[in-house]
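*Asks:*
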Amino acid sequence: MNKRGTQTGPREVEIVINVLCFAHMKDIFGGEKLTINSGGIATVEDVLEYLKATYDADISGIMTAVNEEFAEESTPVGQGDTVALIPPVSGG
Amino acid sequence: MNKRGTQTGPREVEIVINVLCFAHMKDIFGGEKLTINSGGIATVEDVLEYLKATYDADISGIMTAVNEEFAEESTPVGQGDTVALIPPVSGG
Amino acid sequence: MKKRFFVTSEPLSVEELAAEVTRPEAGAVVQFIGTVREFTQGRRTVYLEYEAYHSMAEKQLEAIGREVKERWPDAESAVGHRTGELKISDAAVVIAVSTPHRKDAYEANEYIIERIKQIVPIWKKEHWEDGEQWVGDQLEQTRYPDGAPGGGNSD
Amino acid sequence: MKKRFFVTSEPLSVEELAAEVTRPEAGAVVQFIGTVREFTQGRRTVYLEYEAYHSMAEKQLEAIGREVKERWPDAESAVGHRTGELKISDAAVVIAVSTPHRKDAYEANEYIIERIKQIVPIWKKEHWEDGEQWVGDQLEQTRYPDGAPGGGNSD
């Protein structure tokens, strides 16, 4: 279905990733918490690609955190990690 | 005794002026409130000259207020007015 | 001991936050209270709803506290941010900073509110009489935590 | 209704002062709390004594409130200044300013404390273990009310 489908090697190992959705992300994904159980996921970018493809979701402009630390698209993601989808914040 | 002594006319009418002393002015004048009953007093400057002469007091650098408004040396002072001696303020 | 940097669904106490940072070395405490404003851009707010990524938000507030310490070593700071439904004039955030000299307290306090609007995962949903919207999702805001402050209620 | 600008021998409440200025139009309240600092220029203060020309001091605080209104028409402000004996960490002055947008609240608040140190007839006496002195009587301070701020506890 996408580039992950053509890859081989360790990225194909199925891992479980927890995804937290905040603010309007909850509306887009229909809940506060998603669980991804998939192969081919090694970075934040992979998580975002997976979500876009699976949910047909527009999540452009979204920041992410991995295990409560702000992340880049290249930040590694592994088994059991928690990835949060962080829309522009509006506290204060 | 001073220039007032040589003047004539309305400035010689005896008037009562209330003088309020704050902070270390209380120590200099020995109290919070003085009453001046004197002739030749028409301005704040006259009050200050009278106090300097009568109490041998160093009140240089002191601000004044007449009836709760900051005053200049030239501000008129009349019967029953209240003149406050205001050292540099240190509130806050 | 009470947390110095916290997110709570309970009402915030300005008295308690001030007490957190008051100390013999300090001559000045500056507090910021972000309150719910009734009208924003001409539209009447009925209430606001604040949501936080609770654990990460507290970590980020603590991180801001460390930034303040680096920039103003003599400053002590404390921040409480509320979540849930807030009505007009309720306090959404209270920031307290104490310093020996007042200039630093104003500066450090303002720094904290600006950083909160940049890097603390808390979101606000406006509820109007005829609709609701998460603030931030249609505003032109920065994507990156080190960017300029986003548009909050008290901008 | 409580006075917005007052001098009192009672302890000041930051909660009450904040409440005085909180209102639906405001998104920000900035408070300044001037507290008694233990050490000033290396010397340990045991307690401070504040004296005010009470009636004139309240008039002057009100005048500062009007100055604020001229400069920041959207601001509401309230000030309480305490008199009498204050111990370390007690609040000598509490200033609260509310505005629709926070920048103004910080600025107007700082303006008020600077003006208090210039034109409000209140004096502070330091009491040390081995002496006492009215602050201001030996410092190089301006004579005129429109001059630069004098040296207060939280400078």
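So the protein sequences, as listed, match chains A, B, C and D.
Per the UniProt record's numbering, the first sequence starts with residue 1, numbered consecutively.
Per the UniProt record's numbering, the second sequence starts with residue 1, numbered consecutively.
Per the UniProt record's numbering, the third sequence starts with residue 1, numbered consecutively.
Per the UniProt record's numbering, the fourth sequence starts with residue 1, numbered consecutively.
Every residue, glycine too, gets a C-beta built ideally from N, C-alpha and C.
Predicted, not measured: the structure shown is a model, and the values here were computed from it.
Assuming I95/D and Q31/D make a contact with CB atoms under 8 angstroms, what is their CB distance in whole Å?
*Replies:* 7 angstroms
*Asks:* Could you check where the alpha helix (DSSP H) with L85/A kicks off and where it finishes?
*Replies:* It is not in any alpha helix (DSSP H) - L85/A instead sits in the beta strand (DSSP E) that spans 82 to 86.
*Asks:* Alpha carbon to alpha carbon, how far is D90/C from H81/C?
*Replies:* 11 angstroms
*Asks:* Name, please, each residue of chain A whose Cβ falls closer than 8 angstroms to the Cβ of E51/C.
*Replies:* F22, A23
*Asks:* Starting from Y50/C, trace the beta strand (DSSP E) both ways and give me its first and last residue.
*Replies:* 43 to 52
*Asks:* Can you tell me the Cβ-Cβ gap for V77/A and V19/A, rounded? I've got them flagged as a contact below 8 angstroms.
*Replies:* About 10 angstroms separates the CB atoms of V77/A and V19/A; that is not less than 8 angstroms, and the two are not in contact.
*Asks:* Closer than 8 angstroms, Cβ to Cβ, to anything on chain A: give me those residues from the region 94 to 127 of chain C, in chain order.
*Replies:* I113, I116, K117, Q118, I119, V120, P121, I122, W123, K124, K125
*Asks:* Are any of the Cβ atoms in chain C nearer than 8 angstroms to that of A71/A?
*Replies:* no
*Asks:* Less than 8 angstroms between the beta carbons of E73/A and T43/A, yes or no?
*Replies:* Taking 8 angstroms as the cut-off, the Cβ atoms of E73/A and T43/A count as close.
*Asks:* In chain order, what residues of the region 75 to 91 of chain C put their CB closer than 8 angstroms to some CB of chain A?
*Replies:* H81
*Asks:* Any beta carbon from chain D within less than 8 angstroms of I15/B's own beta carbon?
*Replies:* no
*Asks:* By DSSP, does L17/C sit in helix, in strand, or in coil?
*Replies:* helix
*Asks:* Give me the Cβ distance between A52/D and I122/D, rounded to the nearest whole Å; I'm assuming they're in contact under 8 angstroms.
*Replies:* 4 angstroms
*Asks:* Kindly identify the DSSP beta-bridge partner or partners of S98/D.
*Replies:* According to DSSP, S98/D shares a beta bridge with V29/D, E76/D.
*Asks:* Should V13/A be labelled buried (16 or more other beta-carbon atoms within 10 Å of its own) or exposed?
*Replies:* exposed
*Asks:* Hey, could you find the ends of the beta strand (DSSP E) T64/A is sitting in?
*Replies:* 63 to 66
*Asks:* Reducing DSSP to helix, strand and coil, say where S89/C ends up.
*Replies:* coil
*Asks:* Starting from A53/B, trace the alpha helix (DSSP H) in both directions and tell me its first and last residue.
*Replies:* 44 to 55
*Asks:* Determine whether the Cβ of S13/C lies closer than 8 angstroms to any Cβ atom of chain A.
*Replies:* no
*Asks:* List the residues of chain A whose Cβ lies closer than 8 angstroms to the Cβ of S55/C, in chain order.
*Replies:* Simply E68.
*Asks:* At 9 angstroms on the CB atoms, spell out the chain E contacts of G34/D, in chain order.
*Replies:* The structure shown has no chain E; the protein chains it does contain are A, B, C and D.
*Asks:* Can you tell me which of S9/C, E16/C, P11/C, E10/C puts its alpha carbon nearest to the alpha carbon of K2/C?
*Replies:* E16/C
*Asks:* Is the beta carbon of A26/C less than 8 angstroms from the beta carbon of S77/C?
*Replies:* no
*Asks:* Find the nearest neighbour of E70/D within the set T22/D, E38/D, T8/D, I112/D, judged by alpha-carbon distance.
*Replies:* I112/D
*Asks:* Under 7 angstroms Cβ-Cβ, which residues of chain A neighbour V135/C?
*Replies:* S90
*Asks:* Are any of the Cβ atoms in chain A nearer than 8 angstroms to that of K3/C?
*Replies:* no
*Asks:* How far does the beta strand (DSSP E) with F22/A in it extend, from its first residue to its last?
*Replies:* No beta strand (DSSP E) contains F22/A, which DSSP labels as neither H nor E.
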